[in-house]
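Below is one structure; the comments refer to it alone.
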Amino acid sequence: MKIGVLTGGGDAPGLNIAVYTFVKLAERKHEVYAIFHGWKGLLNKEVRRVTSADLLDFAFAGGTYIRTSRTNPFKDEERAALLAKNVKELGLDVVVAIGGDDTLGAAGEAQGRGILNALGIPKTIDNDVWGTDYTIGFDTAVNRAIEATENFKTTLISHERIGVVEVMGREAGWIALHTGLATMADMVLIPEKEVGWDVVAERAKKAYEARRWALVVVSEGVKSYGGPVDEFGHVRLGGVGNELAAYIEKKAGVEARAVIPGHIIRGSPPTAFDRVLAVRYAEAAYEALEAGKFGVMAAYRGGEITYVPITEVVGKNKLVSGEWLKLYERFWG
Ligand code: F6P
Numbered sequence: 000m001k002i003g004v005l006t007g008g009g010d011a012p013g014l015n016i017a018v019y020t021f022v023k024l025a026e027r028k029h030e031v032y033a034i035f036h037g038w039k040g041l042l043n044k045e046v047r048r049v050t051s052a053d054l055l056d057f058a059f060a061g062g063t064y065i066r067t068s069r070t071n072p073f074k075d076e077e078r079a080a081l082l083a084k085n086v087k088e089l090g091l092d093v094v095v096a097i098g099g100d101d102t103l104g105a106a107g108e109a110q111g112r113g114i115l116n117a118l119g120i121p122k123t124i125d126n127d128v129w130g131t132d133y134t135i136g137f138d139t140a141v142n143r144a145i146e147a148t149e150n151f152k153t154t155l156i157s158h159e160r161i162g163v164v165e166v167m168g169r170e171a172g173w174i175a176l177h178t179g180l181a182t183m184a185d186m187v188l189i190p191e192k193e194v195g196w197d198v199v200a201e202r203a204k205k206a207y208e209a210r211r212w213a214l215v216v217v218s219e220g221v222k223s224y225g226g227p228v229d230e231f232g233h234v235r236l237g238g239v240g241n242e243l244a245a246y247i248e249k250k251a252g253v254e255a256r257a258v259i260p261g262h263i264i265r266g267s268p269p270t271a272f273d274r275v276l277a278v279r280y281a282e283a284a285y286e287a288l289e290a291g292k293f294g295v296m297a298a299y300r301g302g303e304i305t306y307v308p309i310t311e312v313v314g315k316n317k318l319v320s321g322e323w324l325k326l327y328e329r330f331w332g
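Note that numbering that gives the first Met the number 0 gives residue 286 to position 287 of the sequence shown, counting from 1, and the numbers run on in steps of one.
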């Protein structure tokens with residue numbers, strides 16, 4: 000078979016391992032092609048035969064060696080037709096799409112329209128893909144966010160200040176919640192739970208009065224400032240940390256600072272968990288391929304690797320809920 004592999008959406012630590020592992024398994028029997036720049040690479044025919052030996056030097060680094068894009072191949076019918084034409088001309092039998100909701104959504108759509116056979120692997124530092132407990136990259140992002148927060152904390156203590164850490168996550172508060180739990184922040188703000196900023200300032204002030212420093216973690220998605228929108232309709236987020244720190248400073252009458260680790264937590268080399276998760280997902284995708292089982296995404300549920308139909312996953316956001324929301328409430332509700 001001729002198999003294409005692509006990565007789409009925001010990059011995530013562990014992507015290179017997933018690609019490398021899949022190629023290593025599949026190249027024994029098949030021809031494997033890297034599709035550069037996500038779905039854009041199929042519209043532009045940026046496709047190159049690869050071997051695992053080509054990929055090994057970068058396999059354990061952050062980022063994605065085969066690049067990425069936020070191109071939506073189904074933005075209009077003209078593009079969809081071009082996609083179908085190129086897939087046919089390239090002779091691709093299967094495309095392994097490694098991505099979040101948007102990238103997987105396009106894979107599901109392509110499969111549904113009979114353009115190609117798709118296999119999905121979930122990745123995103125946001126951990127918001129439906130149908131799986133963990134996406135590739137989330138564990139690394141949280142570990143780096145915790146490191147940043149702990150380093151920030153020492154200088155907050157030295158200077159006796161209030162600190163606000165803003166982390167990524169879009170509409171899902173997973174990174175903020177985990178960072179807050181792991182550092183026992185005084186207050187955490189997530190998009191799933193609306194909290195008035197007066198309450199936040201009050202909590203920070205109280206904590207400050209007790210020990211002369213305080214820590215707040217905020218998820219970027221609690222406030223949107225408008226701005227550029229990508230091809231899937233997502234507005235660019237970021238910046239709420241600065242506004243919140245200024246608000247707290249004014250309300251609490253205590254000097255406050257904000258830090259935004261931003262893309263730094265996304266660009267890291269993967270943790271052990273993400274490395275092994277990427278290998279397990281890639282192996283599961285290969286197994287599905289050999290079994291002729293298409294239109295599915297490899298998923299991690301309760302420690303086991305399983306499969307979910309891609310169509311069941313797309314269009315839903317896995318938000319903080321249930322036990323996790325209860326945990327949030329216990330500390331910051
Ligand atoms: O979806 C992953 C993510 O890292 C989000 O957490 C964040 O809002 C967005 O991507 C940032 O995207 P960009 O790299 O385009 O700034």
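Glycine included, every Cβ here is placed at the ideal spot set by N, Cα and C.
| Item | Value |
| --- | --- |
| Cβ-based neighbour list, leucine 243, same chain, cut-off 6 angstroms, excluding 5 preceding and 5 following | Val163, Val217 |
| Glycine 168 Cβ short of 6 angstroms to the ligand F6P heavy atom set | yes |
| Start-end ranges of the beta strand (DSSP E) lying completely within the stretch 132-188, minimum 3 residues | 161-166, 186-188 |
| Any non-hydrogen atom of the ligand F6P closer than 6 angstroms to glycine 9 Cβ | yes |
| Arginine 274 - containing alpha helix (DSSP H), residue span | 271-290 |
| Assigned exposure category for valine 187 - 16 Cβ within 10 Å defines buried | buried |
| Cutoff 7 angstroms: leucine 89 Cβ touching any chain D Cβ | As a matter of chain content, chain D is missing from the structure shown, which is built from one protein chain. |
| Identified DSSP bridge partners for serine 218 | Val166 |
| C-beta atoms of alanine 298 and isoleucine 124 nearer than 7 angstroms | no |
| Glycine 238 versus glycine 130 - alpha carbon distance | 30 angstroms |
| C-beta atoms of glycine 225 and leucine 236 nearer than 7 angstroms | no |
| beta-carbon leucine 236 near the ligand F6P non-hydrogen atom, thresh 6 angstroms | yes |
| Terminal residues of the alpha helix (DSSP H) in which leucine 52 lies | The sequence given here places alanine at residue 52; leucine does not occur at that position. Run containing alanine 52: 51-54, per the alpha helix (DSSP H) assignment. |
| heavy atom of the ligand F6P below 6 angstroms from threonine 70 C-beta | no |
| Bridge-paired residues (DSSP) for tyrosine 19 | In DSSP, tyrosine 19 forms no bridge with anything. |
| Identified DSSP bridge partners for lysine 1 | Glu30 |
| Other residues of its chain near arginine 274: CB distance less than 8 angstroms, five sequence neighbours each side excluded | Gly13, Ile16, Phe59 |
| Paired residues, beta bridge with asparagine 316 - DSSP | Val128 |
| Start and end residues, alpha helix (DSSP H) containing glutamate 88 | 76-89 |
| Threonine 123 Cβ short of 6 angstroms to the ligand F6P heavy atom set | yes |
| Cβ-based neighbour list, proline 227, same chain, cut-off 8 angstroms, excluding 5 preceding and 5 following | Val234, Arg235 |
| Under 7 angstroms between C-beta atoms of glycine 98 and glycine 9 | no |
| Beta carbon of glutamate 30 nearer than 7 angstroms to that of lysine 74 | no |
| Length of the line joining the Cα atoms of alanine 277 and glycine 172 | 22 angstroms |
| Distance, proline 268 Cα to histidine 262 Cα | 13 angstroms |
| DSSP three-state assignment for isoleucine 263, whether helix, strand or coil | helix |
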